[in-house]
Structures are given as C-alpha cells and as structure tokens.
Amino acid sequence: MTAKVSASDIRASFSGAMSAMYRDEVPAYGTLMDLVARVNDETLAGQPELKARLEATDTLERISEERHGAIRLGTAEELATMRRIFAVMGMFPVGYYDLSTAGVPVHSTAFRPVGEEALKRNPFRVFTSLLRLDLIADEALRDEAKAILAERQIFTDGAIALTEKSENEGGLDSHDAARFVSEVLETFRWHDKANVSLAMYHRLHDAHRLIADVVSFKGPHINHLTPRTLDIDKVQALMPDYDIAPKAVVEGPPTRKCPILLRQTSFKALEETVSFHDGKGGWQAGTHTARFGEIEQRGVALTPKGRALYDALLDNTRKLVRPAADGSNAVAYEAALIETFKAFPDDWAAIRSAGLGYFTYSLTEKGVAAGSASGDIESLIAEGFVRFDPIVYEDFLPVSAAGIFQSNLGDGAQQDFVASPNQKRFEADLGAAVLNEFDHYEGIEKASLEACLDALQTRAAAE
Ligand code: OOG
Ligand code: NI
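The structure is reproduced here in structure tokens:
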C-alpha cells in the first residue's frame, strides 16, 4: 500500500495553490503580500522579545505562510459537500456566525485545523457562508434564485471521487493528493461568464448585492485571501504608498501592547468585467464587484469572561461613535475605541490573572534544568520554572466580519433584517455540529498545564 499524505500536508499544499491562483487573478493581493512580508520582517527585527516568544512557542514559521480566505455558498448540499472536502484537508467547522443582524443575509462557520500540531503545521482557514434566501422578502425572486442554484454543480467529478476515496481509504497517497488539490481549486476559481442574464443579475442585485454574488456565478469564487501581519497599523499606513486604498477603520480592538483577538482591515473590491447571457445564445458585457484584499493581526484568544468584556466595550464604543461607511468619523471612532478599551488590562500577566485570556504553559530553561520542583502553578511561575504564552485566536468576530462584508457591498447597501440566528438549521444543512471555540482553547491550555506539572512531578501537589 502506498503511504498516505497527512491531511495537514494536503492543506498546506492547497493553501499555497490557492494563494498562487489568487495572486494571478488579483495582482493587488500579490502587492499586499509583499508589503506584509516587509512589515513582518521589520517588526521582528525591531521587537526581539516578540520574535523570541514566537520561536519559543514554535509558531514563528507558520506566520509567513498564514492566511485565510472566504467563500459564499448557495445551497445546503453545497455546504455539506464542502464540509467533506475540507475534512480531507484536516479542516473542521468551528463556530457559528449569524450575520443577519448586520444586514447580510448569510450565516457562517470557519473551516480550520483543530489542535496544536495541525495549527503549527499550517493554520489555513476558510470563512464559509451560506446564503439565506429565507430572509429575502420577494417570494418570486426567491424561487427563481433557488431554481438557478439547483442547476449548478460547483464541484468537479474528480473532487468528489477523490473525497469519497479518501473517506473510504482513510486518506490519499501523494499522487491522489496532488490531483485532489488541483480538482478542488477549480471550485474556488473566478468565472468571467455568468450563469444568468444581465436583467436577472440586476434583479438579484436589487434584492441584495450578496445574492447576486452567490446566485449569478458557476461557483463560489474565493472573494479574498488574508495574510497575517504582525503590525496592522503599519501595513494600513503604508498601503497608499503601494497604490492600495484601505478601508477607513481597522475592525476589532484598538492598537495595544498585548494584542487580543483579531484586528482586520481590507481594500475595496475590484470592479470586474463579466459576460452575461443575452438570451439569444450569445453574451452581453456587464460588471461585478466581489473580490478584495484583507490583512489581519491576531492576538490572544479570550475566555468567555474576556470575550464578554470585549463585546461590552465594543458595544459601548459604537454607542459613542458609529463608524460611517465613508470613513468621515474614523478619527473620532478610533479615539473612542482607545478610550473605552482602557478598561481591558494590557499586560499578559494581568490578562492571565484576571482570567480573560487563554495561555499555554511550558518549562523554562531553569525548569528543564531543575527536572523537578514543587508548588502550585502560581509559585512555579513566580520562581521561574514555568512560563506562559498567549494562545493565538484562530477564529473570527461577527461584528468585524459584518464590517468587512459591508465595506465591500458599497455605501448605502445597509439593509435591515430581523435578527434570526439559526444554528440548528445551519448544522442540519452542514450535516454536522460546529465545534465550540472556547472548549477548544481551554483544552489546549489544560493539556499544556498538565504536561508541565507532570514533567515537574508536581501534579499531585497542584490538585
Ligand atoms: C466574509 C467576510 C468575513 C472576515 O475576515 O471576517 C471575513 C465574506 O465577505 O464573504 O472573511
Ligand atoms: Ni476575511
């Protein structure tokens, strides 16, 4: 029997292939990648303690290869099949995001690797949304959209056959893995020929721009890829020098010494030429705006207590200043954000002792040399036997995601829906439950703590 390629290796190779394809399709993404690489190098050179921490936790290497993407699917069947395909690459649905409250008729999850080893190897994630036609008022249009979606097949026969093979045989050998990557890539490719007429596109677009983006095309083109930067403010400030116009405000928490959760910013989607059916067997030219670029900076994952504090502070800020789509009050918003977030400790030890964030524990050089030590975790830390490092937040934030969606839907696209989260329905369509992100971080924290205490043979003392 030929050896199987690990799911993480398939994921790494897929992430690389996707990046190369998108770089080809959207040259500004390539420019952004170069800028991020430059800023990351400069940040590491200027902050030796950050570099040392990343090295100590074995997470320095993953950063230059790190990115996430996003797609929007049209049907439950597409979502369920996508789940099986991502599973071949070791990517599993984590979290449920309801974006209806933010005027976007979708709900979403993030497919991503789970567990420390897989994340270290390659943390590629895909924010995956499912269109909610049930939120569209116009019943006739809803039925037409459904009928159009029912006709399309977004996966190649090869992608489905190889997914089944992997499920039946517990993985793929290197030849099949390479074929799998190129077959699956087809689903994410841009199509400049639409599925519909220009008139239909306009009707869908009038109902909601996002509906047109999902229903009018042969497949769920990847709509952005996001490299991870170590200094988002610097990249944001340098973007204009590279001829990229960033969105007015950075989503998420303010600039801090100790980054928490996730900060994101994007550049506006491109207007692209698309051919639509002319109803006479030919094509008619039109345009569509969908694909954009984004960058993100990731900080510590927060506990439910930390997250509740974050949500409350963000909410308070937005009550003071609601960021306008045109960026006119960006300065006031940023000032309010900084002021409000003074209530969130900005020091790793304080964040840890207040139970706001998740950390991994490991032995220091002194701890390794000592071999054994007694005392509880607090005294082991105080005596320098054990160190703690923030666990990176690997997920997304619904308010930020809504901001990213909105900035690419154009001004005035704001639309109100009645908030209607429906995780049960989403999971039924997905064919699986989504993982709870908090449980996952807590598990990683606990395992590291136990490993440390075991190594120092003080487990009994700590219990
Ligand atoms: C997804 C937007 C969400 C993020 O980084 O929060 C997202 C989309 O526009 O399809 O990618
Ligand atoms: Ni994104």
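Counting in the numbering used here, the sequence shown tops out at residue 443, every number present.
Glycine is no exception: its CB is placed at the ideal position from the N, C-alpha and C atoms.
Predicted, not measured: the structure shown is a model, and the values here were computed from it.
- With 16 or more other Cβ atoms from the protein chains shown falling within 10 Å of its own Cβ, A139 counts as buried.
- Following the DSSP letters along the chain, one finds P73 inside the beta strand (DSSP E) bounded by residues 72 to 78.
- Within the segment 315 to 364, the complete beta strand (DSSP E) runs of at least 3 residues fall at 339 to 343.
- For ligand 2, residues qualifying as neighbours are H48, A50, F107, H204, T206, E274, I384, where qualification means a beta carbon closer than 6 Å to at least one of its heavy atoms (chain order).
- In the DSSP assignment, E276 falls within the beta strand (DSSP E) that extends over 273 to 278.
- CA-CA distance, C238 to P370, rounds to 9 Å.
- DSSP, read as helix, strand or coil, puts Q403 in helix.
- Within 8 Å of the C-beta of Q244 there is at least one heavy atom belonging to ligand 1.
- Q216 sits in a helix when the DSSP states are folded into three classes.
- Per the coordinates, the alpha-carbon of Q133 lies some 43 Å from the alpha-carbon of G286.
- The beta carbon of Q216 lies closer than 7 Å to those of P226, V230, T245 in the same chain, with the five residues before and after it left out.
- Beta-bridge partners of P370 (DSSP): F339.
- At least one heavy atom of ligand 1 is found less than 8 Å from the C-beta of A381.
- Setting aside the 5 residues that flank it on each side, S428 is surrounded in the same chain by T340, Y341, each with a C-beta closer than 6 Å to its C-beta; the list follows chain order.
- For L30, the uninterrupted alpha helix (DSSP H) run begins and ends at 28 to 36, by DSSP.
- Pairing D38 with Y373, the inter-Cα distance amounts to about 16 Å.
- The residue from H182, A174, L184 with its alpha-carbon nearest to that of H201 is A174.
- Taking C-beta separations shorter than 8 Å and ignoring five residues to either side along the sequence, the partners of R332 in its chain run F339, F368, following chain order.
- By the C-beta density criterion, N388 is buried, having at least 16 other C-beta atoms within 10 angstroms.
- The closest heavy atom of ligand 1 lies 8 Å or more from the beta carbon of N296.
- Contact annotation: A(-8) and E41 have beta-carbon atoms that are not nearer than 9 Å.
- For the pair P207 and A(-13), the Cα-to-Cα distance works out to about 21 Å.
- Residue environment: T(-18) is assigned as exposed (fewer than 16 neighbouring CB atoms within 10 Å of its CB, all protein chains considered).
- Checking the 8 Å criterion, the Cβ of E374 is out of range of every heavy atom belonging to ligand 1.
- Ranking G83, L79, K100 by CA distance to the CA of S109 puts L79 first.
- Secondary structure at D153: strand, using DSSP grouped into helix, strand and coil.
- DSSP places H204 in the uninterrupted beta strand (DSSP E) bounded by 204 to 207.
- DSSP places S(-12) in the uninterrupted alpha helix (DSSP H) bounded by -13 to 5.
- A distance criterion of 8 Å places the beta-carbon of L377 in contact range of ligand 1, judged by its closest non-hydrogen atom.
- Only buried fits H204, as 16 or more other CB atoms lie within 10 angstroms of its CB.
- Annotation: the continuous alpha helix (DSSP H) that includes N296 extends over 284 to 300.
- A heavy atom of ligand 1 is found nearer than 8 Å to the CB of R52.
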